[in-house]
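Student: If you use the UniProt record's numbering, the sequence shown corresponds to residues 1 to 559, in order.
Just so it is clear, CB atoms sit at the ideal spot from N, CA and C, and this is done for glycine as well.
Shown below is the structure under consideration.
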Amino acid sequence: MSNLPWLSQYPDGVAANIDLDDYASMAALLEQVVDRFGDKIAFHQFGVDLTYRQLDENSARLAAYFQKDLGLKPGDRIALMLPNSLQHPIAMFAALRAGLTVVNVNPLYTAPELANMIKDSGARAIVVMEIAAATVEQALAHVAIEHVIVARVAEMQNFPKSLLVDYVVRKKKKLVPDWSIARAIPFRTAMTTRLAADFTRPALNRETRAFLQYTGGTTGEPKGAVLTHGNVLADVAMFCAWLKPAFRPSGEITLVALPLYHVAGLVCQCLTSFHMGTRCVLVMNPRDIPALVKDFAAHRPTIVAGLNTLFTALMNNKNFVALDFSALRNTFGGGTATQPAVAERWQKLTGCPVLEVYGLSEAAGAVTANPVTLTAFEGTIGVPLPSMRIEIRDESGEAVGAGTPGEICVAGPGVMQGYFNRPEDTARVIGTDGFFATGDIGIMDERGVIRIVDRKRDMILVSGFNVYPNEVEGVLFKHPGILEVAVVGVADSQCGEAPVAFVVKRDPALNESEVIEFARTSLAAYKVPKQVVFVNDLPKTPIGKVLRRQLRERLVNRI
């Protein structure tokens, strides 16, 4: 096998390496993209358009406020606790233009989680949506934040629609808990106090820190991956180059249901689409499936991205299956493995194959992807993107041959500088050769195509045999009576560990013996779940990843 076997899988027109010198910083990217697209719509939400030029103007005015009124200096950290909203790209670009480091925060975090992240990052300021302001108030009892800017859901609307939206959000849906924060600054005040001309450009380059992207929250204590302007620009350039064979210069509409506080939504969808002049329709709450279906119907997106759980939820909605999908041209899956049965249903319904993408917070976004020229789901994560290098390594750190499982190790211009203030943690995952050990087990074939087997920590050791939850889940997903399933390992006195399946029923009459017998028809005996636990739902992260750790904890608590 050659050193770069995957190059044979590249579509025509996609180069092996990308030019990393197009932009000196994220601020330069914004300015040049605005020159190209000007009055085109960059973002849309709730009937309101935000053009490239308006984003430029508003972010410059807010950046000036950060500098002149709040006294924030280059290198200072600012937290963004925002759902997908028009305020997010404005605040993000304002911070980056001012030389600040953005700390993306999940708006669903609890006060202790937020306080820990603020302490770890040292953020001096936070921009928060009003629906999470009460959480900030509670966190302020445990951590100091100098400046709190509060955004309102309705404030980007024109009058009188803003009054209606405000009423629905506050009174009808009661989404805004009572809060009181001394000296809280309204987002609109911060955005309109200064003129764009008041903004002073700081010295920025590709080595300037851009983001602290916290990761690891599903498995343990979150750590801030340090991403520079160059890291993020590289991933945007790589993914744009990959999408080019399927991209149309005008008319693309991206439905952004993945959260912008995560690299999948931020880099792979938002910034990539922004760079290519694509309209982004921002979805504030992807868990509201009926509202998401209405967005699908109203905007007829050409590009969507999601997780296995999101695709399943959509296809179980009767209004969704009745939609016209003739505009849809690209569907990307990621975050967790898309089950073949789900991908098959999706393509049969929409006519569009699910193309899986593999990425990491520690690599600023996408690392591998399936070619956009594929016409059917392949069940792989594709091949390394341009300028990326991947090796499959054994426990000793040596590269293994084609077809042999090992840890996926990644090198390239998107790989983080390290974990913020955690040199020992950094040294454990980034070797002296620059390769980042992902913790994912994969297999690369002779073509350079990679298939994820599972997370290293999720592997179940049964009597010395490796059992991978994804494989077992893939089999059980084919049962017509199963809506959702997740498999974890539990300590077992006879075989060390045993697989346990957590199942959400589609068929109320489904029982444990039926599930186990179904598994036996396709799996070796040691892979068959020893126990089936029926649940109403599976615990998930906000982007839809199943929290296997919580399922394991449930089993321990039952023993």
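Are the CB atoms of T278 and N308 nearer to each other than 9 Å?
Tutor: no
Student: Determine the contact status of G481 and L510, defining contact as a CB-CB distance below 9 Å.
Tutor: yes
Student: Mind checking if L271 is an interface residue toward chain D, Cβ cutoff 9 Å exclusive?
Tutor: Protein chain content of the structure displayed is limited to a single chain, and chain D is not contained in it.
Student: Would you be able to state if there are at least three C-beta pairs under 8 Å between the stretch 303 to 323 and the stretch 254 to 261?
Tutor: Yes, the stretch 254 to 261 is in contact with the stretch 303 to 323.
Student: Distance check for A115 and L292, CA to CA, integer angstroms please.
Tutor: 31 Å
Student: Quick check on the burial criterion: 16 or more other C-beta atoms within 10 angstroms. Buried or exposed for S250?
Tutor: So S250 ends up on the exposed side.
Student: Just how far apart, CA to CA, sit G439 and T193?
Tutor: 47 Å
Student: Classify G306 as helix, strand or coil using the three-state DSSP reduction.
Tutor: Residue state, collapsed to three classes: strand.
Student: My output table needs one value for V487: the three-state DSSP class, helix, strand or coil.
Tutor: V487 falls in the strand class under three-state DSSP.
Student: For a test of the three-state rule: what should DSSP assign to L416, helix, strand or coil?
Tutor: First, the residue type needs correcting, since residue 416 is Met and not Leu in the sequence shown. Residue state, collapsed to three classes: coil.
Student: Put E137 into one of helix, strand or coil per three-state DSSP.
Tutor: helix
Student: Would you mind sorting K527 into buried or exposed? The rule is 16 or more other CB atoms within 10 Å of its CB.
Tutor: buried
Student: May I ask you to list the residues that DSSP assigns as paired with H275?
Tutor: Beta-bridge pairing links H275 to no other residue.
Student: The beta strand (DSSP E) with Y214 in it runs from where to where?
Tutor: 209 to 215
Student: Which of helix, strand or coil does DSSP assign to M388?
Tutor: coil
Student: Work out the CA separation of K223 and G217 for me, nearest whole Å.
Tutor: For G217, the predicted model reports a pLDDT of 39, less than 50, meaning its position is unreliable and no value from the coordinates is stated.
Student: Can you tell which of R457, A24, M156 has the C-alpha that lies nearest to the C-alpha of H229?
Tutor: A24
Student: Could you give the DSSP three-state label for F534: helix, strand or coil?
Tutor: strand
Student: Could you round the C-beta distance between E320 and L328 to whole angstroms and report it? I think they count as a contact, below 8 Å.
Tutor: Going by the sequence as given, residue 320 is Phe instead of Glu. In fact, because the Cβ distance is near 12 Å, the residues do not count as touching under 8 Å.
Student: When DSSP labels each residue in this structure, what does G406 get in the three-state scheme?
Tutor: strand
Student: Mapping DSSP to helix, strand and coil, what is C280?
Tutor: strand
Student: Give the secondary structure of M92 by DSSP, where H, G and I count as helix, E and B as strand, and everything else as coil.
Tutor: Here DSSP, grouped into helix, strand and coil, assigns M92 to helix.
Student: Under 8 Å, with one C-beta from each stretch per pair, do the stretch 104 to 113 and the stretch 35 to 47 reach the 3-pair mark?
Tutor: no
Student: Can you name, in chain order, every residue of its own chain whose Cβ lies under 7 Å from the Cβ of P186, other than the five neighbours on each side?
Tutor: Correct list, in chain order: V150.
Student: Can you tell me whether Y10 is helix, strand or coil according to DSSP?
Tutor: coil
Student: Going by beta carbon distance, what residues of the same chain come within less than 7 Å of F332, once the five residues before and after it are set aside?
Tutor: Closer than 7 Å at the Cβ level, and outside the excluded window around F332, lie A305, L355, V357.
Student: At a cut-off of 8 Å, is Q417 close to the ligand COA when judged by its beta-carbon and the heavy atoms of the ligand?
Tutor: The ligand content of the structure shown is nil, which means the ligand COA is not present either.
Student: Three or more C-beta pairs closer than 8 Å, one from the stretch 506 to 520 and one from the stretch 411 to 430: is that the case here?
Tutor: Touching, no.
Student: Measure the Cβ-Cβ separation of F93 and A133 and say whether it is below 9 Å.
Tutor: no
Student: Can I381 and I450 be called in contact, C-beta distance under 9 Å?
Tutor: yes
Student: Quick check: the Cα distance between G474 and A486, rounded to an integer number of angstroms?
Tutor: 10 Å
Student: Can you check the stretch 22 to 78 for any beta strand (DSSP E) of at least 3 residues that lies completely inside it and give the ranges in chain order?
Tutor: 41 to 45, 48 to 51
Student: Between the beta-carbon of V410 and the beta-carbon of N84, is there less than 9 Å?
Tutor: V410 places its beta carbon 9 Å or farther from that of N84.
Student: Go through the stretch 105 to 130 residue by residue and report every complete run of the alpha helix (DSSP H) that reaches 4 residues or more, in order.
Tutor: 111 to 121
Student: To the nearest angstrom, how far is the alpha carbon of C268 from that of R124?
Tutor: 28 Å
Student: Should R183 go down as buried or exposed, given a rule of 16 or more other Cβ atoms within 10 Å for buried?
Tutor: Burial call: exposed.
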